[in-house]
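Everything below concerns the one structure shown next.
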Amino acid sequence: VRCSAKGLFDFFIISAHAPYKNCKQSASEYWTFFSSKINQVCTTGIPRLCLVDANVQMFNFDKWKDCCDSGILQSKAPANFHSFANACEECAIRPSNCSDNNLLSGRIGTFIPNRGTKQIGLDYIMHSIDLHVKSKSITQYSEVGIHDSPCDHIPIGAKIIFPIKQHCVFSK
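Per my numbering: the sequence shown = residues 84 to 255.
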């Protein structure tokens with residue numbers, strides 16, 4: 084969806100949900116389709132904000148070393164992670180909720196799997212480089228409703244800093 088107010092701001096907001104483990108559609112097919120559609124619909128040069136249930140945890144990815152330093156799994160990344168990361172790079176978006184600088188209180192989980200109560204990160208706040216996340220603003224939102232039962236997503240949020248058009252004049 085393109086969000087625009089003449090002379091004030093202009094950006095795309097994207098919501099996505101990747102296939103889960105036993106889904107009929109492959110992650111590779113999904114992420115290829117995702118990047119194709121985003122690049123077809125979202126005009127180059129206009130900021131992009133993407134909220135995505137990627138259904139994959141964060142692993143090492145060389146191109147994200149400058150923006151991912153928290154909650155990174157050190158084991159070998161599965162194929163669905165590579166599909167996710169490559170699609171995001173093709174769309175010029177990067178994750179923000181795996182950076183200590185952005186997290187209010189260290190690594191945050193976004194999902195409780197059915198095999199326990201340990202929270203893992205499957206959901207991401209992604210954005211183009213022309214948007215910024217306010218330092219220490221990403222957190223879980225318990226007032227929206229965190230449920231401690233398996234197979235439940237945990238709402239997260241962030242304060243995003245959008246560029247405004249340079250020719251704007253604000254009066255008091």
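Beta carbons are placed, not taken as given, at the ideal position from N, Cα and C, and that holds for glycine.
These numbers were taken from a predicted model, which means no experiment stands behind them.
Let me check one thing: in DSSP terms, what residues is ILE239 bridge-paired to? GLN223
May I ask which residues mark the beginning and end of the beta strand (DSSP E) holding VAL135? 131-136
Contact check, CYS150 vs SER182 under 8 Å by CB: the rounded distance? Indeed, because the Cβ distance is near 5 Å, the residues count as touching under 8 Å.
Determine contact between the segment 100-113 and the segment 140-158, defined as no fewer than three beta-carbon pairs at a distance below 8 Å. Output reads no: the segment 140-158 does not touch the segment 100-113.
Which of the three DSSP states, helix, strand or coil, is assigned to SER166? helix
Using the three-state DSSP reduction, which class does ASP145 fall into: helix, strand or coil? Note: ASP145 maps to helix in three-state DSSP.
Note the first and the last residue of the continuous beta strand (DSSP E) segment covering SER98. 92-100
Can you tell me whether TYR103 is buried or exposed, with buried defined as 16 or more other CB within 10 angstroms of its CB? Exposed: under 16 other Cβ atoms inside 10 Å.
For PHE92 versus PHE194, is the C-beta distance shorter than 8 Å? no
Could you name the residues that DSSP lists as bridge partners for ILE203? Beta-bridge partners of ILE203 (DSSP): PHE194.
Write down the C-beta distance between ILE208 and ASN180 rounded to the nearest angstrom, noting that I regard them as a contact closer than 8 Å. 5 Å
Would DSSP call SER188 helix, strand or coil? coil
Is DSSP giving SER109 helix, strand or coil here? For SER109, the three-state secondary structure derived from DSSP is coil.
For my contact list, ILE243 and ILE191 are in at a C-beta cut-off of 8 Å; report their separation, rounded to the angstrom. Between ILE191 and ILE243 the Cβ distance is about 16 Å, and since that is not below 8 Å, they are no contact.
For VAL216, write down the residues that DSSP places opposite it in a beta bridge. In the DSSP assignment, VAL216 forms a beta bridge with ILE243.
Just to confirm the assignment, what range does the beta strand (DSSP E) spanning CYS86 have? In the DSSP assignment, CYS86 falls within the unbroken beta strand (DSSP E) covering 85-88.
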